[in-house]
Each structure stands twice: as structure tokens, then as C-alpha cells.
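Worksheet: the structure to be examined is printed underneath.
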Ligand SMILES: Nc1nc2c(c(=O)[nH]1)N[C@H]1C(S)=C(S)[C@@H](COP(=O)(O)O)O[C@H]1N2
Ligand SMILES: [Mo]
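Residue numbers (the numbering used here): 212 to 519.
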């Protein structure tokens, strides 16, 4: 199978890039392209192939308007209507730190990172622990590619990801009783599993701020809170870290958080879920339907610890 096309600014249709490249440096050009993308202009999207390996199975795509305006993003408020407030977040320039147990700690501009990876589109299901779900076509690249670029040391066992911290832009971060910044973590085996996906777009467009622009995680076999938004740092560590929700309510939100209809949350039965925009609830599947892909990552499937 051919490798997906690479997302490279110099592969844009000529009419989009001339004559500016003659007068702009590469950095400025990337900035200009990012600004266009921010304005909703579809740039290299046409060159992003859909990977047919990842489909919705029997489910319909969630309506775009609904998926992009019904969100959990506590940085902008502890309710679902944060899309307008999230527009205040400046997503360019955006620097990403790669740190901890790696050959060389480094910082990376997001556009330089995107020039190093091949973007593709995947349809994934997302199941929130609050028992609603959606089906979204994400654009992005495997988290495993970032791990490979980072070159972790043999001692690294976990990957911790961190959201931006800026209480002036994100009013939710003024709520001092939350342990900001938001963090999440995976084992390295999970982080390098082919399903773990770093997302930079949705519905063929740049990722809207409400969904975690400019870069968020999608780990579709786990409850939605593991899919951290607006990431600024990837830290490789040896010991299992405590993460944002685990620190707030360890009995409600564990480290593993694999979807399981038979392990109820203290406040929500997990038996069924409400697909956004649909009238009927549907049964929830173990590992959100991805069991054949990921069950081998967990040594004892009868141990409820993996499902909280
Ligand atoms: N930084 C950050 N990431 C986050 C959250 C959050 O509040 N802050 N909410 C999580 C939860 S609970 C869910 S269900 C998903 C929701 O993603 P969506 O708004 O794109 O549907 O984002 C997750 N990632
Ligand atoms: Mo969630």
C-alpha cells in the first residue's frame, strides 16, 4: 500500500503559494498558511487521504455542528457550551516541549512537527464517561510517530501529556480547586499502539478550538477524558503519574479508564450511551468496540482496575 501523501506546504497547488514564497521566508510562509487555515480555508486537506482501516462500523458520523459545539473543555467552563469562549485561545505560534527520559530534550514548533509526519483521516468513536458518544472523522498522525521522533530512553515507561496553562485566556483555569494544567498519561505500550492518534483536524478542516486545537489526542478505546486537548508538552517518565481527573476524584476517574459497560461509574451506569443527535440510546461495547485491537495490552481483563 502506498504511504499516505505527506503534508508539505510545497505540495500545495501553485496558485496558492506564488508569488509569496519569493518574498516570504519559510517560517513566514508557514505562518501565512496557518492563518489561512485558521480562517477556515481548506489547504492541504484535499491531499489528506482517508485511511479505510478506521471506520465507523455500523454507526453514522455525528453532525459536525453538534460535535464542534457540545464539548468538554474545562479550561473554558464546566459546561458544554464552551465553543465561543475557546475561540480566544491563540493556536499559532504553538510550541511543543518534548522532555523527560528522552535522548535529547527539545522544543518544536507545531508547523515544523507537522512537516515531519504524514497526515491521514480516520473515523473514530468517542465515548465520554458521562454516557454520551460521537463518531468523528479526525485528521492527524499516529502518536507512535511522535514517540519515535522523541527517542525515549529504555527507562521510560509512561508518556505524560499536558495542556496549555493560561488563566487569562482560559477562565476555567481561574478555578483554583482544579489541579491545572490538565494532564493525561498512557503507558508507552498504549502510546505506541496504532490506534493512539494525535489529531490536528476534524471533518476535513483544521481542528476547531472547542475540540482542542491545535493538537489533541484520540484514544478511542478509553473514556473521553483520556483524550487530552491543546497539548503543549510530552514528558517521558519512569513512574506512573497522577493525572488531572485522577487527582480530583480517584474513585471516579482512574488511570486506565478503558470503556466497559459492566463496570459502572459511581454516578453513571455504563451499560448504554446516547449518540449525540440521535433519539435512541445504544449498548456500550467493551473497549468502545476496539477490543480486538487493544485487549492484549491488559494482562487480566477480569480485573476491574483496568476499567476505571
Ligand atoms: N484539556 C482538556 N482536555 C480534555 C477535556 C478538558 O476538559 N480539558 N475534556 C475531556 C473529556 S471529559 C472529553 S469527553 C473529551 C471531549 O472532546 P470533545 O469536546 O472534542 O467532544 O475531551 C477530553 N479532553
Ligand atoms: Mo468526558
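Just so you know, even glycine gets a beta-carbon here, dropped at the ideal spot from N, CA and C.
- In this structure the segment 429-439 lies against the segment 331-344, because at least three pairs of beta carbons, one per stretch, are closer than 8 Å.
- Non-local beta-carbon contacts of residue 281 in its own chain, meaning distances under 7 Å to residues more than five positions away in sequence, involve 291 and 487 in chain order.
- Those residues having their beta-carbon less than 7 Å away from any non-hydrogen atom of ligand 2 are, in chain order, 283, 339, 340, 341, 434, 435 and 436.
- Residue 404 sits buried, since 16 or more C-beta atoms from the chains shown fall within 10 Å of its C-beta.
- In this structure, residue 497 has its beta carbon at no less than 7 Å from each heavy atom of ligand 1.
- Note on residue 480: under 16 other CB atoms within 10 angstroms of its CB, so exposed under the neighbour-count rule.
- The criterion of a C-beta distance shorter than 8 Å is not satisfied by residue 312 and residue 355.
- One Cα belongs to residue 406, the other to residue 358, and the distance between them is close to 14 Å.
- With a cutoff of 7 Å, residue 332 does not count as near ligand 1, since its C-beta is closer than that to no heavy atom of the ligand.
- Remark: fewer than three beta-carbon pairs, one from each stretch, lie closer than 8 Å, so the segment 493-507 and the segment 449-467 are not flagged as touching.
- The beta carbon of residue 368 sits no closer than 7 Å to any heavy atom of ligand 1.
- By the criterion of a C-beta distance shorter than 6 Å, residue 438 is surrounded in its chain by 428, 429 and 430, once the five residues flanking it on both sides are discounted.
- Burial check for residue 328: the Cβ neighbour count within 10 Å reaches 16 or more, so the residue is buried.
- The residue among 476, 494 and 490 with its C-alpha nearest the C-alpha of residue 517 is 476.
- Inter-residue distance for residue 509 and residue 467 is about 10 Å (C-alpha atoms, whole angstroms).
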